[in-house]
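Residue numbers for the sequence shown follow our numbering, so the first one is 1 and each next one is one higher.
Heads up, the beta-carbon is just placed ideally off N, CA and C, and yes, glycines get one too.
This structure is a prediction, so every number in the text was calculated from the model and none was measured.
Take a look at the structure below.
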Amino acid sequence: MAIDKSYYTIITDVGKAKIANASVTGNKVGFVKIQLGDGGGSEYTPTESQTELKNVVWEGNIGNTTTDETAPNCIILESLIPSSVGGFMIREIGYLDDENNLIAISKYKECYKPSIEQGAVVDMKVKTVLIVSNINNIELKIDPTIIFATLKDIQDLDAKISNVNTKIDTTKTELTSNIETAKTELNTRIDTENEKQNIKIDQLIAGGSNVASTQTITIDDWIDNQEGGFKATVTHGLLTQRITVSIIDATTKDNVVPDFTIIDDNSIEVRSGVKVELNVYVINGNAETHFINATVDDNRVSEMTTYSSKKIHEEIGKVAEQLTGINSNIISTVNNDILPI
Numbered sequence: 001m002a003i004d005k006s007y008y009t010i011i012t013d014v015g016k017a018k019i020a021n022a023s024v025t026g027n028k029v030g031f032v033k034i035q036l037g038d039g040g041g042s043e044y045t046p047t048e049s050q051t052e053l054k055n056v057v058w059e060g061n062i063g064n065t066t067t068d069e070t071a072p073n074c075i076i077l078e079s080l081i082p083s084s085v086g087g088f089m090i091r092e093i094g095y096l097d098d099e100n101n102l103i104a105i106s107k108y109k110e111c112y113k114p115s116i117e118q119g120a121v122v123d124m125k126v127k128t129v130l131i132v133s134n135i136n137n138i139e140l141k142i143d144p145t146i147i148f149a150t151l152k153d154i155q156d157l158d159a160k161i162s163n164v165n166t167k168i169d170t171t172k173t174e175l176t177s178n179i180e181t182a183k184t185e186l187n188t189r190i191d192t193e194n195e196k197q198n199i200k201i202d203q204l205i206a207g208g209s210n211v212a213s214t215q216t217i218t219i220d221d222w223i224d225n226q227e228g229g230f231k232a233t234v235t236h237g238l239l240t241q242r243i244t245v246s247i248i249d250a251t252t253k254d255n256v257v258p259d260f261t262i263i264d265d266n267s268i269e270v271r272s273g274v275k276v277e278l279n280v281y282v283i284n285g286n287a288e289t290h291f292i293n294a295t296v297d298d299n300r301v302s303e304m305t306t307y308s309s310k311k312i313h314e315e316i317g318k319v320a321e322q323l324t325g326i327n328s329n330i331i332s333t334v335n336n337d338i339l340p341i
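Here's what the structure looks like:
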């Protein structure tokens with residue numbers, strides 16, 4: 001076979017047969033090992049009938065087996081010769097499958113691989129391109145422990161890292177906005193609750209009582225009683241034996257000495273010497289929190305503040321979980337999209 005190039009790679013007869021047979025059996029040919037040889041002391045012309053190198057000086061695993069993006073029928077074999085080996089000439093290279101058959105052989109330009117003992121620490125990269133008739137018959141493998149980087153690879157990596165950093169910055173901005181929104185919403189809830197503190201009741205009985213309802217006795221509600229005064233009936237479902245009533249003059253806002261009689265579990269009769277508009281605050285001794293027109297004292301504000309603080313911490317916790325998930329996705333993106341190069 002006439003070849004114009006001085007240094008080249010050929011597929012051996014065994015390799016051709018295995019690649020052709022792969023179309024029938026479906027068993028792909030895998031390039032597994034690389035052998036370096038010194039050619040027995042001089043350069044020579046490899047032949048397709050060879051089944052082994054003339055003189056093997058080193059053997060290791062092939063790093064990556066990939067295709068050429070610009071030439072789909074070309075196989076690229078890349079291997080890294082570690083700095084820990086050396087002290088020999090390289091004139092021939094062989095590629096073996098998992099059955100130790102010589103699939104391809106290269107005539108390599110004479111090169112010396114120094115050893116550490118000789119004062120040189122050199123990692124050597126060997127790259128070989130094979131042209132095959134059917135790429136589907138070749139098993140492509142990548143060794144994740146070996147990474148090869150060209151200038152373009154590094155530039156692409158920089159671009160990908162920049163893109164990831166942009167995503168991180170965008171995510172941080174969005175999370176900060178979400179936190180501020182959550183704080184604003186919770187503060188609004190606190191303010192709304194504080195606005196309900198429009199009625200301050202100073203004389204709640206000891207034992208923890210809550211204003212449950214406000215009833216108003218208008219002038220027209222009063223009727224004459226038999227004692228020369230007036231009476232009015234206030235009815236509410238919370239009026240039980242466990243309630244307290246606070247009566248305030250609707251005009252002067254002064255407390256009125258309560259003068260009332262419990263009629264039944266739902267009604268009381270309020271008495272007065274004159275017809276005057278009164279606000280009757282029905283206070284539930286069970287400390288129930290069915291707030292209608294008034295709420296408890298400042299303790300309620302404290303409770304709401306504590307509640308809101310907890311909600312803020314919960315929201316921040318959720319944001320932290322989201323950030324952790326996003327970081328995991330970013331790491332996964334880096335691993336999947338950037339490596340191997």
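Member of the options whose CA lies at the smallest distance from the CA of residue i
{"i": "isoleucine 248", "options": "Asp264, Leu278 and Gly229", "result": "Leu278"}
{"i": "glycine 273", "options": "Thr251, Asn225, Asp254 and Thr252", "result": "Asn225"}
{"i": "asparagine 134", "options": "Thr251, Cys74 and Ile103", "result": "Cys74"}
{"i": "lysine 16", "options": "Ile217, Tyr44 and Ile138", "result": "Ile138"}
{"i": "alanine 250", "options": "Val164, Leu36, Asp169 and Ile217", "result": "Ile217"}
{"i": "threonine 70", "options": "Ser42, Thr252, Leu96 and Val129", "result": "Val129"}
Buried versus exposed, by CB contacts within 10 Å (16 or more), residue i
{"i": "proline 46", "result": "buried"}
{"i": "lysine 5", "result": "exposed"}
{"i": "glutamate 288", "result": "Note that glutamate 288 has pLDDT 38, beneath the 50 cutoff, so the model's placement of it is unreliable and no number is given."}
{"i": "valine 57", "result": "buried"}
{"i": "glycine 26", "result": "exposed"}
{"i": "aspartate 158", "result": "exposed"}
{"i": "aspartate 38", "result": "buried"}
{"i": "threonine 9", "result": "buried"}
{"i": "threonine 12", "result": "buried"}
{"i": "leucine 92", "result": "According to the sequence as given, residue 92 is glutamate; it is not leucine. So glutamate 92 ends up on the buried side."}
{"i": "glutamine 155", "result": "exposed"}
{"i": "isoleucine 263", "result": "exposed"}
{"i": "alanine 104", "result": "buried"}
{"i": "lysine 125", "result": "exposed"}
{"i": "lysine 107", "result": "buried"}
Collapsed DSSP secondary structure at residue i in the structure displayed
{"i": "threonine 9", "result": "strand"}
{"i": "valine 29", "result": "strand"}
{"i": "glutamate 48", "result": "coil"}
{"i": "leucine 186", "result": "helix"}
{"i": "glycine 94", "result": "strand"}
{"i": "glycine 37", "result": "strand"}
{"i": "alanine 120", "result": "coil"}
{"i": "lysine 275", "result": "coil"}
{"i": "aspartate 156", "result": "helix"}
{"i": "isoleucine 338", "result": "Confidence at isoleucine 338 is low in this model, with a pLDDT of 43, below 50, so the placement of that residue should be treated as unreliable; the coordinate-derived value is given next. Helix, per DSSP."}
{"i": "asparagine 255", "result": "strand"}
{"i": "threonine 216", "result": "strand"}
Contacts around residue i, its chain only, beta-carbon distance under 6 Å, and the 5 residues preceding and following it disregarded
{"i": "tryptophan 222", "result": "Phe230, Ala232 and Lys275"}
{"i": "aspartate 98", "result": "Gly30 and Val32"}
{"i": "glutamate 78", "result": "Gly63, Asn64, Lys127 and Phe148"}
{"i": "aspartate 259", "result": "Arg271"}
{"i": "isoleucine 19", "result": "Val29 and Asn137"}
{"i": "glycine 207", "result": "Reliability of the predicted coordinates at glycine 207 is poor, the pLDDT of 38 falling under 50, and the value obtained from them is presented with this limitation in mind. Excluding positions up to five away in sequence, the list is empty."}
{"i": "serine 49", "result": "Asp13"}
First through last residue of the beta strand (DSSP E) which encompasses residue i
{"i": "alanine 250", "result": "First-last for alanine 250: undefined, no H or E at that position."}
{"i": "isoleucine 81", "result": "74 to 81"}
{"i": "glycine 60", "result": "56 to 61"}
{"i": "aspartate 232", "result": "Aspartate is not the amino acid found at residue 232; the sequence shown has alanine there. Looking at the DSSP string, the run of the beta strand (DSSP E) that includes alanine 232 is 230 to 235."}
{"i": "serine 133", "result": "That residue, serine 133, is in no beta strand (DSSP E); it is neither H nor E in DSSP."}
{"i": "glutamate 110", "result": "102 to 113"}
{"i": "isoleucine 262", "result": "260 to 264"}
{"i": "threonine 67", "result": "64 to 67"}
Sequence-distant residues of the same chain with beta carbon closer than 7 Å to residue i, five excluded per side
{"i": "isoleucine 219", "result": "Lys275 and Glu277"}
{"i": "serine 83", "result": "Ile116, Val121, Val122 and Asp123"}
{"i": "isoleucine 131", "result": "Asn73 and Cys74"}
Check: residue i C-beta below 6 Å from any heavy atom of the ligand ADP
{"i": "asparagine 101", "result": "Absence of the ligand ADP from the depicted structure is noted, as is the absence of any ligand whatsoever, leaving it without description."}
Other residues of its chain near residue i: CB distance less than 8 Å, five sequence neighbours each side excluded
{"i": "proline 114", "result": "Gly86, Gly87, Ala120 and Val122"}
{"i": "asparagine 61", "result": "Val32, Lys33, Ile34, Ser79 and Asp143"}
{"i": "glutamate 52", "result": "Gly94 and Leu102"}
Residue-chain proximity (residue i, chain C), Cβ-Cβ < 7 Å
{"i": "arginine 91", "result": "The structure shown contains no chain C, having only a single protein chain."}
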